[in-house]
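*Asks:*
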Amino acid sequence: MRSIWTGSIGFGLVSIPIKLFSAVQETRLDLDMLDSRDHAHIKFQRVNENTKKEVPYDKIVKGYKYDDDYVIIEEADFEAAAPEKTKVIEIENFVDIAAVNPMYYETSYYTEPATKNNKAYALLLAALKKSKKAGLARFVLRSTESLCIVHPVDKAIVVTRIRFAQQIRDQEDLKLDDKIDVSDKELKMGLALIDQYAEPLDLSKYKDEYHGELLKIIEQKAKGKRPTIKKLKPKAAKGDDLYDQLMNSLQVKKGA
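First residue of the sequence shown? That's 1 in the UniProt record's numbering, and the numbers climb one at a time after it.
#1: Could you give the uninterrupted runs of the beta strand (DSSP E) lying entirely in the UniProt domain "Ku" (52-179), keeping only those of 3 residues or more?
#2: Would the beta-carbon of VAL100 fall within 9 Å of that of ILE157?
#3: Measure the alpha-carbon distance for residue 272 versus LYS188 and round it to whole angstroms.
#4: Kindly indicate which residue of LEU20, VAL14, PRO113 has the alpha-carbon position closest to the one of ARG142.
#5: Around the Cβ of THR6, are there at least 16 other Cβ atoms within 10 angstroms (buried) or fewer (exposed)?
#6: Give a yes or no on contact between the region 166-180 and the region 124-144, applying the rule of three or more CB pairs nearer than 8 Å.
#7: Would PRO56 be called buried (16 or more neighbouring beta carbons within 10 Å of its own) or exposed?
#8: Counting only the same chain and skipping the five closest in sequence on each side, list residues whose C-beta sits under 7 Å from that of ASP96.
#9: ILE217: which of LYS205, LYS207, LYS230, ASP208 sits nearest, CA to CA?
#10: Reducing DSSP to helix, strand and coil, say where ILE42 ends up.
#11: Using a Cβ-Cβ cutoff of less than 7 Å, which residues in the same chain neighbour ILE18 once the five nearest sequence positions on both sides are dropped?
#12: For VAL159, does the count of other Cβ atoms within 10 angstroms reach 16, so buried, or fall short, so exposed?
#13: Just tell me which of ILE4, LEU128, ARG28 has its CA closest to the CA of TYR210.
#14: Is the distance from the Cβ of ILE42 to the Cβ of TYR109 below 9 Å?
#15: For LEU128, count neighbouring C-beta atoms within 10 Å of its own C-beta (all shown protein chains included) and say buried if the count is 16 or more, exposed if not.
#16: Give me the Cα-Cα distance between GLN251 and ALA192, rounded to the nearest whole angstrom.
#17: Roughly how many angstroms separate the alpha carbons of ILE16 and LYS119, rounded to a whole number?
#18: Can you grab the Cα-Cα spacing for the pair VAL150 / ALA137, in whole Å?
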């Protein structure tokens with residue numbers, strides 16, 4: 001793995017030098033865009049809208065439109081806006097990790113101490129595990145401020161970016177009916193169905209099967225074979241009564 005950020009975690013008056021590594025990787029197939037007529041690659045070019053000529057990458061700058069003109073933003077400006085946040089993940093307080101709504105999660109990064117035998121890193125890792133708490137912090141990555149939680153995963157401290165509250169859309173525009181009555185009998189049956197399907201979380205059991213199947217189709221087509229298309233068989237509901245559907249679901253699970 002290659003480090004994507006270097007800085008430190010601020011923990012009270014303790015500073016822990018760290019390196020940040022992406023903890024996730026894509027599993028999707030790498031598909032190229034081609035011209036259907038001759039399978040030539042489609043290339044995307046950075047073109048000047050005035051000259052219509054391609055612009056070398058080292059000549060491209062970032063700008064913000066201000067009063068019908070652009071203000072050019074340089075790398076130093078990004079750091080000057082909040083120098084402490086570009087170098088420090090400052091833990092502002094500690095929260096229960098279970099209190100973070102899953103809607104807020106974005107992506108996770110492993111941290112690695114920048115120095116060997118870093119006792120402060122080991123202390124924070126042990127304290128987070130013992131307290132079952134997570135640090136709440138803010139830092140700047142790739143010119144964007146991120147809210148994050150600092151939490152332990154096995155032997156490493158992990159930084160998981162989360163969304164700001166203002167990034168979550170309000171539900172007012174959704175057409176939701178909150179006046180539907182659910183009977184006690186139906187609710188008990190629904191709870192029974194949940195209980196029957198409940199089990200300890202083990203994500204290692206779940207694999208990305210779709211892309212494996214897609215790769216099989218690609219391999220068949222590469223050999224000149226026509227892939228077999230699976231037909232989707234919709235499950236027919238047995239009656240319109242919700243209680244009966246729940247009851248039948250319980251029976252199906254029992255017979256599985």
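Heads up, the beta-carbon is just placed ideally off N, CA and C, and yes, glycines get one too.
What you are looking at is a predicted structure, and each value in this text was computed from that prediction instead of being measured.
*Replies:* By the coordinates alone:
#1: With a minimum length of 3 residues, the continuous beta strand (DSSP E) runs that stay inside the UniProt domain "Ku" (52-179) are 62-66, 69-73, 88-96, 105-113, 133-141, 144-153, 156-162.
#2: Taking C-beta atoms as the reference points, VAL100 and ILE157 fail to come closer than 9 Å.
#3: Missing from the structure shown is residue 272; the chain here goes from 1 to 256 and no further.
#4: In terms of CA proximity to ARG142, LEU20 leads the group LEU20, VAL14, PRO113.
#5: Sixteen is the threshold: since fewer than 16 other Cβ atoms of the shown chains lie within 10 Å of the Cβ of THR6, the residue is exposed.
#6: Too few Cβ pairs lie closer than 8 Å, so no.
#7: Exposed.
#8: The answer, listed in chain order, is LYS133.
#9: It is LYS230.
#10: DSSP places ILE42 in coil when its eight states are reduced to three.
#11: Excluding residues up to 5 positions away in sequence, GLY7, SER8, ILE9, THR111, GLU112, PRO113, ALA114 lie with their Cβ nearer than 7 Å to the Cβ of ILE18 in the same chain.
#12: Buried, because 16 or more other Cβ atoms sit within 10 Å of the Cβ of VAL159.
#13: The candidate whose alpha carbon is nearest that of TYR210 is ARG28.
#14: In this structure, TYR109 does not lie closer than 9 Å to ILE42 by Cβ.
#15: With 16 or more Cβ atoms within 10 Å of its Cβ, LEU128 is classed as buried.
#16: GLN251 and ALA192: Cα-Cα distance of roughly 11 Å.
#17: ILE16 and LYS119: Cα-Cα distance of roughly 9 Å.
#18: Using only the alpha carbons, I get a separation of about 7 Å.
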